[in-house]
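The end of the sequence shown is residue 433 by our numbering, with every number in the run present. The C-beta atom is built at its ideal place from N, Cα and C for all residues, glycine as well. None of these values were measured; they are calculated from a predicted model.
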Amino acid sequence: MLNDKKVLYSGMQATGKLTLGNYLGALKNWVTLNEEYECFFSVVDMHSITVRQNPTELRKKARDLLILYIAAGLDPKKNCIYYQSHVSGHAELMWILNCYTYMGELNRMTQFKDKSRKNEDNINAGLFTYPVLMAADILLFQSDVVPVGADQMQHLELTRDIAERFNKLYGDVFTVPEAYIGKTGARIMSLQNPEKKMSKSDENPNGSIYLLDDTDTIIRKFKRAVTDSYSEILYRDEQPGIKNLIDIYSAVTNKTPGEIEKEFDGKGYGEFKLAVGEAVASTLKPLQDRVAELSKDKAYIDSIIKENAEKANYFATKTLRKVQRKVGFPDRIR
Ligand code: ATP
Ligand code: LTN
């Protein structure tokens, strides 16, 4: 707990263009929660290199992502928005936590299995220990709450297990974090395959709405969204495509699925898809304008990066020194 406020931590990978899934499942909740908590939001560039990246592009994507956090409404003077790679404590704590995590636990992680399948020629150790770095991110800041999409729940459970295991051995060292999964938008599916989550690393760009897509593109992608032949707008598992569109519409309009079913009772899929597309486009437009504006102000963004890296380092070092002492590393001589 910092200044009587509980600590909230979250992060995103700078691996591609952010999608509507990332926005509705994560970023939007961060903005809603940020007043209530002392917040840390990282661009997890160290996680990004578990998959091969082009260095110039990674640097650019990481900066774009940091700007997007601010554009979405997170005030960088009140929220610590920083690059994971600027705080060496992440890697140092991760090493220690590696020694308190079992191979069997990591073997069970579904994201590892998915990503290994997608990157068969590069199943590196980082991909395997990815969740331990995530645990280090969270535990380094003594986080109470971690807002993520449903797909990250398994990693969060592991983080809690590691923290509890460590606390049992050494006393109350870590705060054991809780996940926060938003009510709507926790699992947005691909528009081209409603059985698969919308993902920024998807090879089919028509399956994802990117946050910087223009209005025409957004509407076109919704028009082409895969649905079914029931011709009824009902929120049920037999109609995963329509269910997904209702989830999206619900998240951007704050209407409940029941209200949406009523609103479109007797109407066709074409009309519904257009309404969803328009609602999404008008939600994203202010965000896009702000990204364009902030991207021009290099000096301001640089100052935020510098200030927040210092702040994050300060808190991270506090936890790290405590942990190093507990495991028996020699004290530093000052
Ligand atoms: P990648 O395709 O590179 O694995 P991703 O699109 O899954 O990336 P992440 O960087 O892994 O995105 O996730 C960032 C945040 O967005 C996480 O909190 C994650 O739970 C959330 N998120 C990602 N995809 C979705 C989705 N389809 N629906 C809801 N939330 C999502
Ligand atoms: N693994 C997460 C990103 C992530 C994260 C974190 C989320 C890395 N470190 C700490 C919350 C807290 C993902 O792929 N979405």
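Check: Going by beta-carbon coordinates alone, are residue 356 and residue 349 separated by less than 8 angstroms?; Outcome: yes
Check: Between 200, 173 and 426, which has its C-alpha nearest residue 131's C-alpha?; Outcome: 173
Check: Tell me which same chain residues have a C-beta within less than 6 angstroms of the C-beta of residue 145, skipping the five on either side of it?; Outcome: 183 and 184
Check: On the DSSP letters alone, give me the boundaries of the beta strand (DSSP E) that residue 142 sits inside.; Outcome: 137-142
Check: Return the chain-ordered list of same chain residues with a C-beta closer than 7 angstroms to the C-beta of residue 186, the five sequence neighbours on each side being excluded.; Outcome: 408, 411, 412 and 415
Check: Can you list the beta strand (DSSP E) stretches of 3 or more residues lying completely in the stretch 166-206, in chain order?; Outcome: 179-182
Check: What residues sit near the ligand ATP, counting only those whose C-beta is closer than 7 angstroms to one of its heavy atoms, in chain order?; Outcome: 109, 111, 112, 114, 115, 118, 120, 121, 123, 124, 125, 247, 248, 249, 250, 251, 284, 285, 286, 287, 288, 296, 297, 298, 299, 300 and 301
Check: Assign residue 249 to one of three DSSP states: helix, strand, or coil.; Outcome: helix
Check: Output needed for residue 120: all residues of its chain with C-beta closer than 6 angstroms, excluding positions within five of it in sequence on either side, in chain order.; Outcome: 287 and 297
Check: Measure how close the beta-carbons of residue 221 and residue 151 come, nearest whole angstrom, since I'm counting them as under 8 angstroms.; Outcome: 6 angstroms
Check: Can you find a heavy atom of the ligand LTN that lies under 7 angstroms from the Cβ of residue 254?; Outcome: yes
Check: Answer yes if the stretch 272-287 comes into contact with the stretch 237-251, meaning at least three C-beta pairs across the two stretches below 8 angstroms, and no otherwise.; Outcome: yes
Check: Would you kindly report the start and end of the unbroken beta strand (DSSP E) that includes residue 275?; Outcome: Unbroken run through residue 275: none, as it is neither H nor E.
Check: Start and end of the beta strand (DSSP E) containing residue 106?; Outcome: 106-111
Check: Would you mind reading off the limits of the alpha helix (DSSP H) that contains residue 233?; Outcome: 224-239
Check: Just confirm the distance between the C-beta atoms of residue 332 and residue 377, as a whole number of angstroms; I'd bet it's less than 8 angstroms.; Outcome: Rounded, the Cβ-Cβ distance is 16 angstroms, inconsistent with contact.
Check: For residue 421 and residue 268, I'd like the C-alpha separation in whole angstroms.; Outcome: 14 angstroms
Check: Can you tell which of 289, 292 and 270 has the C-alpha that lies nearest to the C-alpha of residue 424?; Outcome: 270
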